[in-house]
Amino acid sequence: MSGVDPNPEQRELIEAIDGLYLVDAGAGTGKTFTVTRRYANIVAQDGVDPEDVLLVTFTNNAAEEMRERIVRHSEYGMRELANAPIQTFHSLSHDLLDEYGHDAPTSLGIDETITGSTRIIEDNIIEQALFREFLGQFIDNHPRFEEFFTALSETSELLDLIKELSAKGVFPTADGWYRDGESHLDGDFEAFETLFTDRNESRNGGSKQSKLRKKLYQYGEDKTYLPEAPTKWDIRGDGKQVPTDLAERVFEEDRTALKRFVHDVYHAYLEFALRRNYLNFGFLQLFAFVLLCEDHALRERLEYEYVMVDEFQDSSEIQFKLTLLLAGTNNICVVGDWKQSIYSFQYADVDNIREFDDRIGQFTAELNQDTDRVTFPTTPVNDKQLTRNYRSTQSILDFSTHALTARATKNESLDAEAISEQITPLTADTDRDDSYIEALTSEDEHEAILAKIDAIVDNDAYAVEGDDGTYRAPEYGDIAVLTRTRDFGRDLLDTASDFGLPMAYEGGIEVFRTDAAKLVLGWLRILERDAERGWVLVLEEAGYTIDEVKAIIEREAYPDEMVAFREDLRDLETFGGVARRVFEQYGRSGPTADVVLDTIQSVHGTTTFTRGELIRFIEEAIADGGTHDVDAGAGTNAVTVQTIHATKGLEYPIVILANMNANKFPSSGGNGSDIAYTDPIGLRQRKVYSVEAHGVPHVYDSWKTDVLNRCLPQNYEEERRLLYVAVTRAESHLVLTGGADPNSFLDALPVAVEDVDPDLSAFNPEDDEHSTYTVDIPEPDGPTSYSPHTFIDDAVFEGNTGGRGMEFGSDVHEFAERYVLGEAVEPNNPDKEHVKALLDSLDGETRAEIDAFLPLTVDGEEVTIGGIIDLLHVTADRVEIIDYKTDLTTHAEDEYRKQLSIYYHVVADQYPDRSITASIFYTDDSTRYNIDPLDKGALRELVLQSV
DNA sequence: TGTTTCACATTTTTT
DNA sequence: ATGTGAAACA
Numbered sequence: 001m002s003g004v005d006p007n008p009e010q011r012e013l014i015e016a017i018d019g020l021y022l023v024d025a026g027a028g029t030g031k032t033f034t035v036t037r038r039y040a041n042i043v044a045q046d047g048v049d050p051e052d053v054l055l056v057t058f059t060n061n062a063a064e065e066m067r068e069r070i071v072r073h074s075e076y077g078m079r080e081l082a083n084a085p086i087q088t089f090h091s092l093s094h095d096l097l098d099e100y101g102h103d104a105p106t107s108l109g110i111d112e113t114i115t116g117s118t119r120i121i122e123d124n125i126i127e128q129a130l131f132r133e134f135l136g137q138f139i140d141n142h143p144r145f146e147e148f149f150t151a152l153s154e155t156s157e158l159l160d161l162i163k164e165l166s167a168k169g170v171f172p173t174a175d176g177w178y179r180d181g182e183s184h185l186d187g188d189f190e191a192f193e194t195l196f197t198d199r200n201e202s203r204n205g206g207s208k209q210s211k212l213r214k215k216l217y218q219y220g221e222d223k224t225y226l227p228e229a230p231t232k233w234d235i236r237g238d239g240k241q242v243p244t245d246l247a248e249r250v251f252e253e254d255r256t257a258l259k260r261f262v263h264d265v266y267h268a269y270l271e272f273a274l275r276r277n278y279l280n281f282g283f284l285q286l287f288a289f290v291l292l293c294e295d296h297a298l299r300e301r302l303e304y305e306y307v308m309v310d311e312f313q314d315s316s317e318i319q320f321k322l323t324l325l326l327a328g329t330n331n332i333c334v335v336g337d338w339k340q341s342i343y344s345f346q347y348a349d350v351d352n353i354r355e356f357d358d359r360i361g362q363f364t365a366e367l368n369q370d371t372d373r374v375t376f377p378t379t380p381v382n383d384k385q386l387t388r389n390y391r392s393t394q395s396i397l398d399f400s401t402h403a404l405t406a407r408a409t410k411n412e413s414l415d416a417e418a419i420s421e422q423i424t425p426l427t428a429d430t431d432r433d434d435s436y437i438e439a440l441t442s443e444d445e446h447e448a449i450l451a452k453i454d455a456i457v458d459n460d461a462y463a464v465e466g467d468d469g470t471y472r473a474p475e476y477g478d479i480a481v482l483t484r485t486r487d488f489g490r491d492l493l494d495t496a497s498d499f500g501l502p503m504a505y506e507g508g509i510e511v512f513r514t515d516a517a518k519l520v521l522g523w524l525r526i527l528e529r530d531a532e533r534g535w536v537l538v539l540e541e542a543g544y545t546i547d548e549v550k551a552i553i554e555r556e557a558y559p560d561e562m563v564a565f566r567e568d569l570r571d572l573e574t575f576g577g578v579a580r581r582v583f584e585q586y587g588r589s590g591p592t593a594d595v596v597l598d599t600i601q602s603v604h605g606t607t608t609f610t611r612g613e614l615i616r617f618i619e620e621a622i623a624d625g626g627t628h629d630v631d632a633g634a635g636t637n638a639v640t641v642q643t644i645h646a647t648k649g650l651e652y653p654i655v656i657l658a659n660m661n662a663n664k665f666p667s668s669g670g671n672g673s674d675i676a677y678t679d680p681i682g683l684r685q686r687k688v689y690s691v692e693a694h695g696v697p698h699v700y701d702s703w704k705t706d707v708l709n710r711c712l713p714q715n716y717e718e719e720r721r722l723l724y725v726a727v728t729r730a731e732s733h734l735v736l737t738g739g740a741d742p743n744s745f746l747d748a749l750p751v752a753v754e755d756v757d758p759d760l761s762a763f764n765p766e767d768d769e770h771s772t773y774t775v776d777i778p779e780p781d782g783p784t785s786y787s788p789h790t791f792i793d794d795a796v797f798e799g800n801t802g803g804r805g806m807e808f809g810s811d812v813h814e815f816a817e818r819y820v821l822g823e824a825v826e827p828n829n830p831d832k833e834h835v836k837a838l839l840d841s842l843d844g845e846t847r848a849e850i851d852a853f854l855p856l857t858v859d860g861e862e863v864t865i866g867g868i869i870d871l872l873h874v875t876a877d878r879v880e881i882i883d884y885k886t887d888l889t890t891h892a893e894d895e896y897r898k899q900l901s902i903y904y905h906v907v908a909d910q911y912p913d914r915s916i917t918a919s920i921f922y923t924d925d926s927t928r929y930n931i932d933p934l935d936k937g938a939l940r941e942l943v944l945q946s947v
């Protein structure tokens with residue numbers, strides 16, 4: 001915000017302090033400025049103190065910023081405002097419960113109390129663990145719900161449902177639902193039928209089947225329904241439209257038992273959480289709402305004379321209702337921008353702002369059903385707009401509106417005009433408009449981005465406005481790379497590091513999946529006994545090809561410098577020291593490396609890890625993908641990398657919107673299918689459990705729910721809003737980049753796309769470690785080799801991708817190997833105990849950790865595929881191949897089968913006169929499953945696919 | 001030629 | 001679970 005004085009539309013809002021206001025404040029229109037000045041204006045009145053004015057923000061940072069800016073422009077100082085209600089809904093609820101909430105749970109029929117020591121669980125992973133513990137107990141105590149538990153594929157599904165219900169104001173009481181909560185669970189047939197009819201309209205004047213019928217082509221695919229489920233033919237009909245009575249057939253369902261189950265779990269979980277003395281974010285608001293609803297005297301005492309809510313597009317249904325309960329008069333002002341609503345996964349409901357007028361009436365009526373809780377008139381609503389944009393040039397603002405009407409898929413039909421009508425056009429404050437808006441694609445998108453950055457920096461053509469208002473050539477710090485996914489940003493960071501380009505990630509990132517962390521892991525493994533898997537990482541990082549790596553490891557011909565470096569590391573006493581030395585050696589400095597270092601040091605500081613345990617810790621951190629916040633800090637001249645979500649509210653002179661690729665952005669299916677559980681359809685079960693069918697108890701898919709979900713239109717609105725948010729971060733210049741398979745957004749936006757072959761000669765690769773290590777690699781003799789997995793990921797952790805099942809960490813393998821060799825090793829965890837029990841149960845010759853390579857002829861060329869057999873057990877007449885795994889997930893089966901099939905053929909060739917079996921040993925329950933091996937032809941096909 | 005079916009490759013965001 | 005393009009069908 002450049003000006004010190006408000007513009008006319010801002011001034012109008014600052015001065016209009018009484019009454020109900022809905023403010024459409026677009027990106028960069030000086031929203032914070034206006035809100036803080038308005039606040040100052042309100043508290044300047046006689047008889048109005050800061051404690052009479054509630055100002056709600058959505059982050060604690062935003063609250064602090066507001067507070068500071070108010071101090072600068074009002075007669076109040078920091079000390080007087082320190083306790084003023086300028087806070088988030090969550091912290092407000094927390095304070096409320098802290099002071100008055102002791103008995104709030106009794107209103108829901110819960111005897112537990114809320115005390116000052118009640119903790120707030122912020123970490124999702126921790127809450128999931130607690131919920132699993134709760135559910136385990138609940139299952140034991142409620143066998144009558146057996147059929148629901150069995151049909152539940154993930155416990156987190158149930159927790160997510162509970163959280164969603166609490167954000168929508170649906171709470172359980174001891175024997176029913178709080179207030180009119182239940183109505184949300186039954187659904188609304190008429191609303192559904194409207195959707196259904198709309199989707200079932202035939203197209204092209206009746207010559208083309210309806211979208212719904214097309215969609216239902218996949219009915220039954222990858223599904224198992226009960227025998228009485230209708231057939232695909234029955235469902236789809238033989239015309240262009242689906243039979244109209246299908247709407248009723250799928251909608252009608254007795255939900256009594258399901259609602260009972262959800263109710264009982266929900267209520268018991270609330271009790272459990274309170275008994276264990278914790279609340280999650282959602283429950284905080286739940287109890288605050290209940291308290292304000294029930295205790296009329298308290299509500300009237302707390303009511304604020306003025307209420308302002310910032311970023312209202314991020315509010316949920318319960319937050320809207322809290323706002324109404326907290327307001328004592330109609331002096332309510334909500335400020336926001338529907339175009340920037342991108343937090344639906346956090347239960348933000350964009351209709352709170354888009355349908356404000358309707359909702360305020362509807363919610364007030366609900367709250368006033370039995371008693372008058374909202375005592376002020378909710379009409380008229382004064383609409384205000386802020387349209388002057390102080391951030392971007394006019395051409396960027398004009399370009400941004402196209403983001404909201406860009407087709408998300410090739411064939412998406414969308415009403416561009418209807419959308420455009422809802423957009424309040426913004427006018428740039430600056431006259432200057434020499435913006436570059438460019439788009440490029442490249443096979444090597446990462447490199448192309450780096451080359452582009454290099455071309456921009458110090459280039460006068462891309463001049464940006466300096467602090468003093470003059471224009472200057474851009475530097476690294478002026479540029480931000482925004483991406484839809486964290487993955488892309490992390491990989492780009494790694495590439496930038498390879499080329500020595502200063503780049504820093506900001507926000508939550510899976511730091512242990514970065515190259516920096518993998519390097520530390522590699523060297524730790526080299527220092528530990530698990531050298532081979534360490535060398536793979538280190539040599540790959542140094543630029544050796546897979547074949548070279550294999551040759552080096554086979555001959556143990558490690559580069560001299562690396563061997564010397566290993567000896568250096570050996571002398572270091574702490575793991576922190578090792579990590580630091582590794583980062584030094586590889587020139588990895590900066591925030592990401594710092595976070596890795598901090599984390600390693602802190603786990604080592606708080607526990608006494610052995611090196612093996614630290615390796616295991618890093619492997620697990622890689623597998624679970626937990627994120628850590630990285631903060632580059634001010635003053636560093638580096639390119640910023642962020643996800644679009646993390647960048648909200650920020651601005652950069654030059655924005656590069658990267659990873660504009662199919663299947664990445666927009667994310668497949670958009671956010672439409674998330675509403676499956678509640679409005680307008682109501683609570684549903686995806687899977688059903690049956691004991692009657694086939695006489696065998698089994699979990700079946702619910703065909704009704706399946707069809708219902710297909711009746712919902714795809715919704716890419718929020719993905720477009722993300723695109724909009726990204727574009728409007730740019731002040732002066734914008735570059736869009738894509739890879740080999742660009743997305744439809746790039747097609748739809750009015751910008752010429754150039755395909756480039758990045759020229760990186762400008763970067764001097766003197767830091768390329770490969771060139772500093774030389775080793776003589778003879779041409780590999782014999783066949784070219786391929787690994788069934790990519791080599792590096794295999795070495796890091798096979799279970800890297802979710803749902804793949806988990807391979808053991810090195811220490812279990814090591815234990816097995818040494819045990820088989822007869823060394824005196826003791827199992828020190830359950831996995832090892834299971835493996836030991838397995839080994840003890842076998843007689844005959846047993847060998848562990850054997851290389852297995854299978855030659856195949858593919859397209860006339862000899863190739864070898866291979867892997868490592870965990871355990872081979874040989875007796876006089878048979879050979880058993882056993883591979884250890886932890887948990888089994890369905891997706892993993894094919895992968896395991898492929899792997900075991902390779903081993904099968906290798907062993908079969910070696911022992912032609914013995915019977916061969918291949919099995920997987922699941923250690924968590926000590927079970928073995930035989931695998932039917934694929935024939936060599938099928939393996940050949942798989943090799944062809946993977947090459 | 002336009003429409004329907006089939007096969008195949010992908011698959012988040014975080015206060 | 002969904003979008004895409006090629007094959008099959010009318």
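Note that the first sequence covers residues 1 to 947 in the UniProt record's numbering. Even for Gly, the Cβ is constructed at its ideal location relative to N, Cα and C. Values in this document were obtained by computation on a predicted structure and should not be read as measured data.
Which of helix, strand or coil does DSSP assign to residue i?
i	result
Met-78	helix
Met-503	strand
Leu-872	strand
Ser-395	helix
Asp-560	helix
Asp-49	coil
Lys-208	strand
Ser-667	coil
Val-242	coil
Asp-594	helix
His-628	strand
Report, in whole angstroms, the separation of the C-beta atoms of residue i and residue j, which I expect to be a contact under 8 Å.
i	j	result
Tyr-652	Thr-640	7 Å
Val-595	His-628	5 Å
Ile-114	Leu-274	7 Å
Ile-14	Pro-6	6 Å
Val-242	Leu-212	5 Å
Tyr-304	Asp-98	Contact flag wrong, Cβ pair sits at about 18 Å.
Please work out which residues of its chain come closer than 8 Å, Cβ to Cβ, to residue i, disregarding the five sequence neighbours upstream and downstream, and give them in chain order.
i	result
Thr-737	Ala-439, Leu-440, Thr-441, Ser-442, Glu-445, Ala-448, Ile-449, Lys-452, Ile-656, Leu-657, Ala-658, Asn-659 and Met-660
Lys-648	Gln-340, Ile-342 and Val-725
Under the DSSP definition of a beta bridge, which residues are partnered with residue i?
i	result
Met-308	Leu-55 and Cys-333
Asp-699	According to the sequence shown, residue 699 is Val rather than Asp. Its beta-bridge partners are Tyr-689.
Ala-428	Asn-389
Asn-459	DSSP output for Asn-459 lists no bridge partner at all.
Leu-900	Leu-900 pairs with nothing; no bridge assigned.
Ala-730	Tyr-652
Might you give, ordered along the chain, the residues of its own chain that have their beta carbon closer than 7 Å to the beta carbon of residue i, omitting 5 neighbours on each side?
i	result
Thr-173	Leu-108 and Gly-109
Phe-89	Val-56, Gln-285, Gln-319 and Leu-322
Lys-410	Ser-744
CB-CB under 6 Å to residue i, same chain, minus the five flanking residues each way: which ones, in chain order?
i	result
Leu-934	Ser-901
Worksheet item: Can you give, in chain order, each stretch of the beta strand (DSSP E) that sits fully within the stretch 482-558 and has at least 3 residues?
Response: Whole beta strand (DSSP E) segments, 3+ residues: 503-505 and 507-509.
Worksheet item: Which residue spans inside the stretch 168-203 form an unbroken alpha helix (DSSP H) run of at least 4?
Response: Counting only runs of 4+ residues, the alpha helix (DSSP H) found wholly inside the stretch 168-203 occupies 183-186 and 189-199, in chain order.
Practice prompt. Scan the stretch 72-125 and note each continuous beta strand (DSSP E) run of 3 residues or more that stays entirely inside, going in chain order.
Written response: 86-88
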